[in-house]
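Structure first, then comments.
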Amino acid sequence: MNTFKVPTMAEMTAEGKSPEVLFWVGCAGSFDDRAKSITKAIARILHHAKVDFAVLGAEESCTGDPAKRAGNEFLFQMQAAQNIAVLNGYGIKKIVTGCPHCFNVMKNEYPELGGDYKVMHHSQFIASLISEGKLTLADDHPFKGRRITFHDPCYLGRGNGEYEAPRSVIEALDAELVEMRNCKSKGLCCGAGGAQMFKEAEKGDKEINDKRTEDAIATSATIVATGCPFCNTMMTDGVKSAEKTGSIDVKDIAEMIATAANILPE
Amino acid sequence: MIAQLIFAVMFGTGIFFFSKRVAFIRRNINMGRDIDLSDRKAERWKTMARVAVGQSKMVTRPVAGILHILVYVGFVIINLEMMEIVIDGFLGTHRIFSSIGPIYGILIAAFEFLALGVLVACVVFLLRRNLIGLARFKSKEMGGWPSLDANIILVTEILLMFAFLSMNAADSIAISRELEHYMGMANLEGAFPISQYFVLLYSGLNDVGLIFAERGFWWFHIAGVLAFLVYIPYSKHFHILLAFPNTYYSNLDESGRLDNMAAVKKEVDLMMDPTADPYATPPPSADGGEPEAPPCFGVKDGADLTWKQIMESYSCTECGRCTSVCPANLTGKVLSPRKIMMDCRDRMDDIGENRDSNGGEFKDDGKMLVGDYVSEEEIWACTSCQACVEACPININPMGIILDMRRSLIMEDSKSPDPITTMFNNIENNGAPWAFPAASRGDWIRD
Numbered sequence: 424m425n426t427f428k429v430p431t432m433a434e435m436t437a438e439g440k441s442p443e444v445l446f447w448v449g450c451a452g453s454f455d456d457r458a459k460s461i462t463k464a465i466a467r468i469l470h471h472a473k474v475d476f477a478v479l480g481a482e483e484s485c486t487g488d489p490a491k492r493a494g495n496e497f498l499f500q501m502q503a504a505q506n507i508a509v510l511n512g513y514g515i516k517k518i519v520t521g522c523p524h525c526f527n528v529m530k531n532e533y534p535e536l537g538g539d540y541k542v543m544h545h546s547q548f549i550a551s552l553i554s555e556g557k558l559t560l561a562d563d564h565p566f567k568g569r570r571i572t573f574h575d576p577c578y579l580g581r582g583n584g585e586y587e588a589p590r591s592v593i594e595a596l597d598a599e600l601v602e603m604r605n606c607k608s609k610g611l612c613c614g615a616g617g618a619q620m621f622k623e624a625e626k627g628d629k630e631i632n633d634k635r636t637e638d639a640i641a642t643s644a645t646i647v648a649t650g651c652p653f654c655n656t657m658m659t660d661g662v663k664s665a666e667k668t669g670s671i672d673v674k675d676i677a678e679m680i681a682t683a684a685n686i687l688p689e
Numbered sequence: 171m172i173a174q175l176i177f178a179v180m181f182g183t184g185i186f187f188f189s190k191r192v193a194f195i196r197r198n199i200n201m202g203r204d205i206d207l208s209d210r211k212a213e214r215w216k217t218m219a220r221v222a223v224g225q226s227k228m229v230t231r232p233v234a235g236i237l238h239i240l241v242y243v244g245f246v247i248i249n250l251e252m253m254e255i256v257i258d259g260f261l262g263t264h265r266i267f268s269s270i271g272p273i274y275g276i277l278i279a280a281f282e283f284l285a286l287g288v289l290v291a292c293v294v295f296l297l298r299r300n301l302i303g304l305a306r307f308k309s310k311e312m313g314g315w316p317s318l319d320a321n322i323i324l325v326t327e328i329l330l331m332f333a334f335l336s337m338n339a340a341d342s343i344a345i346s347r348e349l350e351h352y353m354g355m356a357n358l359e360g361a362f363p364i365s366q367y368f369v370l371l372y373s374g375l376n377d378v379g380l381i382f383a384e385r386g387f388w389w390f391h392i393a394g395v396l397a398f399l400v401y402i403p404y405s406k407h408f409h410i411l412l413a414f415p416n417t418y419y420s421n422l423d424e425s426g427r428l429d430n431m432a433a434v435k436k437e438v439d440l441m442m443d444p445t446a447d448p449y450a451t452p453p454p455s456a457d458g459g460e461p462e463a464p465p466c467f468g469v470k471d472g473a474d475l476t477w478k479q480i481m482e483s484y485s486c487t488e489c490g491r492c493t494s495v496c497p498a499n500l501t502g503k504v505l506s507p508r509k510i511m512m513d514c515r516d517r518m519d520d521i522g523e524n525r526d527s528n529g530g531e532f533k534d535d536g537k538m539l540v541g542d543y544v545s546e547e548e549i550w551a552c553t554s555c556q557a558c559v560e561a562c563p564i565n566i567n568p569m570g571i572i573l574d575m576r577r578s579l580i581m582e583d584s585k586s587p588d589p590i591t592t593m594f595n596n597i598e599n600n601g602a603p604w605a606f607p608a609a610s611r612g613d614w615i616r617d
């Protein structure tokens, strides 16, 4: 990030400022190389749209989602208590995150444990920035007219009923949005949820991400749009094993918007 | 008079065995853990009206959905006719409601159309199950009893509808021949729009044979209905009753939300409280007696399920929509959400029978729901994608049960696949599921 510095809550607080929005990066967005470029795109978008935001940096910790879905409620609640103490300490009111799992946990499970925030998925936040005119896209960007299919993350779509925000973002790109055979409430999982990301799949006759990639390939889309770093990994692997790398790109909607707005460093 | 007596005995026997079985299931449901679902009553009624009464989730698959509505509407409305049949049976009368006016003929005609609808739908269902062989009816867990159960239900309904229409056909011939007991039936003009095509089957009979046929079908029909009544609570067909309370008690939260375990919250609060004394004796129980035993976490055996989850297991009619959308199942893994529901029900049946034969107290039978019915391999294959929850036409939540089983495996038995243990350790040590140092979390900012 050479053109601007992403501020942390600690720095902002030291300056006596309290930003309007906390950008919750999540573990994948912080550590996974592929997901980091999504994180940077989101940060660029927030900066470009002049959103008053900060990140927690080293003070952020896992929300506990994979522990909870793997049955370790203790670990989840310990993580939740720790994060809620930090969030409440900074007086956070509004959170934007690039991870549907973090989004779901903080939106639905933290309130009962003392953490009540307005939590938005980045697709929702970007959609609102576009509709408020705070984000303008270049006249000539590479996604115009491209055939794009959107893979619904389970914890954004089925889990929280948000199907439209990511689609409206793709439509703002003036692209051709095509749906897979199973989409929205019937969308097939990428295979990463429920802590599957961190283990080998059980014995079967196929990998789930390969099956989902078949759905995507069948649309003859040239871009598979995602809204989740884990879906992104799974679909990228699926495209690779279908030997379609090069003809099908897997991109997060934030990356596409940042490219289309011409705000990524060369 | 003798006929009335036989009818009364038959009727009483049917009701007795039905109630006995329902009471058994009720006791099983009550063995479950308590969960408070007494909130948001208006929303609950609305959910039940939409999902159970209105069949809103059935029609997401139009063919099965519309056929199911034919059977459902037919079943509900033809039961009005059952009232007349029962009263006739007790009083020894014939078509006691026929004097209510021309509406009677219209009603009977409507019942006939509905009966035809049920008949056609059940025949198509039989073909779908046995000839077309849809994938979801061929899964491993559907072998033996579950498939037989489904076929028994469909054949019974076909026989009952056939008897109902045949009874009307024979009746209409008897009326036209002005036989004794069949004379003076008012308001039957146009009452037999469907059974008129059955007339040919019985018009060759002489008067005695005809009366024999009409009475025969009447008795076959009511005996069949009573036998079916007893059969229903032993069968997956019990969904026709439990679908209603089961949808009333639906999860009304976002399906992505998983409950925060209160027992764990208590422990975590204690750990976070610097003034807490870890060696303090536990407080006495609510009634002042011995301190309550610490709760066990998650679901290991049947009685660890909540009463709602047990109710779900008895509400499941094994349609398999959950399994047909499960990503694990679709890719050949052993997990089938439908099997999880069937296993929970089978375990509760076993626990219930054990309890009743041991004077109301369950005696350890050396079995556990997790391990003996559901394998760890099944439990770990779930991606928690909620497709099964979304697909269930009566809002059953198999995923919730699977994740509760994981809770028991982890928090009671510390049994997890190695990579999951590593993931836990990473989160505990460095706040991320991978082994990256916590301090480098913000490094992307400087990249």
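Residue numbers (my numbering), protein chains in the order written: chain A, 424 to 689; chain B, 171 to 617.
Built from N, CA and C at the ideal position, the CB exists for glycine as well.
Compare the C-alpha of residue i against each of the options and name the closest.
{"i": "B:PRO638", "options": "B:GLY374, B:GLU348, B:LEU375, B:LEU335", "result": "With chain B covering 171 to 617 only, the question about residue 638 of chain B has no answer from this structure."}
{"i": "A:LEU611", "options": "A:MET501, A:GLY494, A:ARG635", "result": "A:ARG635"}
{"i": "B:GLN479", "options": "B:GLY202, B:ILE392, B:ALA193, B:ALA344", "result": "B:GLY202"}
{"i": "A:GLU383", "options": "A:LEU558, A:PHE476, A:THR668, A:HIS471", "result": "Here chain A covers residues 424 to 689 and nothing more, so residue 383 of chain A does not appear."}
{"i": "A:ARG569", "options": "A:ILE646, A:ALA490, A:GLY514, A:VAL528", "result": "A:ILE646"}
{"i": "B:ILE521", "options": "B:PHE177, B:GLN174, B:LYS190, B:ASN198", "result": "B:ASN198"}
{"i": "B:ALA291", "options": "B:ILE266, B:LEU237, B:GLY262", "result": "B:LEU237"}
{"i": "B:ARG427", "options": "A:ARG492, A:ALA437, A:SER460, A:VAL444", "result": "A:ARG492"}
{"i": "A:GLY616", "options": "A:LEU579, A:ILE571, A:LEU596, A:PRO589", "result": "A:LEU579"}
{"i": "B:PHE260", "options": "B:SER420, B:MET171, B:GLU311", "result": "B:MET171"}
Interface residues of chain A around residue i at Cβ under 8 angstroms?
{"i": "B:LYS435", "result": "GLN500, LEU536"}
{"i": "B:ILE590", "result": "ALA493, ALA618, PHE621, LYS622"}
{"i": "B:ALA602", "result": "CYS450, SER453, PHE454, SER484, CYS485"}
Quick one: list the residues of chain B neighbouring residue i, beta-carbon separation under 7 angstroms, in chain order.
{"i": "A:TYR513", "result": "Per Cβ cutoff of 7 angstroms: no residues; A:TYR513 is ~15 angstroms from chain B at best."}
{"i": "A:ARG694", "result": "Nothing in the structure corresponds to residue 694 of chain A, since chain A is present only between 424 and 689."}
{"i": "A:ASN527", "result": "GLY426"}
{"i": "A:SER608", "result": "GLU560"}
Taking the straight line between their C-alpha atoms, what separation do you get for residue i and residue j?
{"i": "A:MET424", "j": "A:GLU637", "result": "Legend: pLDDT at A:MET424 = 46, less than 50; position of this residue unreliable, value from coordinates given subsequently. If you take the alpha carbons of A:MET424 and A:GLU637, they lie about 36 angstroms apart."}
{"i": "A:ILE671", "j": "B:ASP516", "result": "47 angstroms"}
{"i": "B:ASP583", "j": "B:MET431", "result": "17 angstroms"}
{"i": "B:GLU460", "j": "B:ALA450", "result": "15 angstroms"}
{"i": "A:PRO652", "j": "A:GLY487", "result": "16 angstroms"}
{"i": "B:ALA219", "j": "B:GLU213", "result": "10 angstroms"}
{"i": "A:ASP408", "j": "B:GLY536", "result": "Outside the displayed range of chain A (424 to 689) lies residue 408 of chain A, so it cannot be described from this structure."}
{"i": "A:THR656", "j": "A:ASP563", "result": "29 angstroms"}
{"i": "B:VAL243", "j": "A:VAL592", "result": "44 angstroms"}
{"i": "B:GLY468", "j": "B:HIS409", "result": "26 angstroms"}
{"i": "A:PHE566", "j": "A:GLU599", "result": "9 angstroms"}
{"i": "B:HIS351", "j": "B:GLU523", "result": "49 angstroms"}
{"i": "B:MET569", "j": "B:GLN556", "result": "7 angstroms"}
{"i": "B:LYS211", "j": "B:ASN416", "result": "14 angstroms"}
{"i": "A:PRO489", "j": "B:LYS585", "result": "16 angstroms"}
{"i": "A:PRO430", "j": "A:VAL474", "result": "12 angstroms"}
{"i": "A:GLU496", "j": "B:SER578", "result": "10 angstroms"}
{"i": "B:ASN376", "j": "B:LEU349", "result": "11 angstroms"}
Using DSSP's beta-bridge definition, name the partner residues of residue i.
{"i": "A:PHE476", "result": "A:VAL444"}
{"i": "B:GLY540", "result": "Note on residue identity: the sequence assigns Val, not Gly, to residue 540 of chain B. Paired residue(s): B:VAL544."}
{"i": "A:ASP675", "result": "A:THR649"}
{"i": "A:MET543", "result": "A:VAL519"}
{"i": "A:GLY599", "result": "Before going further, note that residue 599 of chain A is Glu rather than Gly in the sequence given. Note: A:GLU599 sits in a beta bridge opposite A:ARG570."}
{"i": "B:ARG203", "result": "B:THR476"}
Please list, in chain order, the chain B residues whose beta carbon lies closer than 8 angstroms to that of residue i.
{"i": "A:VAL429", "result": "ILE615"}
{"i": "A:LYS491", "result": "LEU428"}
{"i": "A:GLU630", "result": "THR501"}
{"i": "A:GLU438", "result": "Residues of chain B passing the Cβ test: none, with the nearest at roughly 17 angstroms."}
Would you mind telling me which residues of chain B sit closer than 9 angstroms to residue i, beta carbon to beta carbon, in chain order?
{"i": "A:LEU611", "result": "VAL495, PRO497, LEU500, CYS555, ALA557"}
Name the chain A residues that come within less than 7 angstroms of residue i, Cβ to Cβ?
{"i": "B:TRP550", "result": "GLU625"}
Closer than 9 angstroms by beta-carbon distance: list the chain A residues that pair up with residue i, in chain order.
{"i": "B:PHE606", "result": "CYS450, SER453, PHE454"}
**Study point:** Short-range partners of chain B found in the region 569–581 of chain A, where Cβ spacing is below 7 angstroms
**Key:** Going along the region 569–581 of chain A in chain order, one finds CYS577, TYR578, ARG581 with a Cβ nearer than 7 angstroms to chain B.
Practice item. Compile a chain-ordered list of the residues in the region 210–225 of chain B whose CB is closer than 9 angstroms to at least one CB of chain A. Key: Listed in sequence order: no entries.
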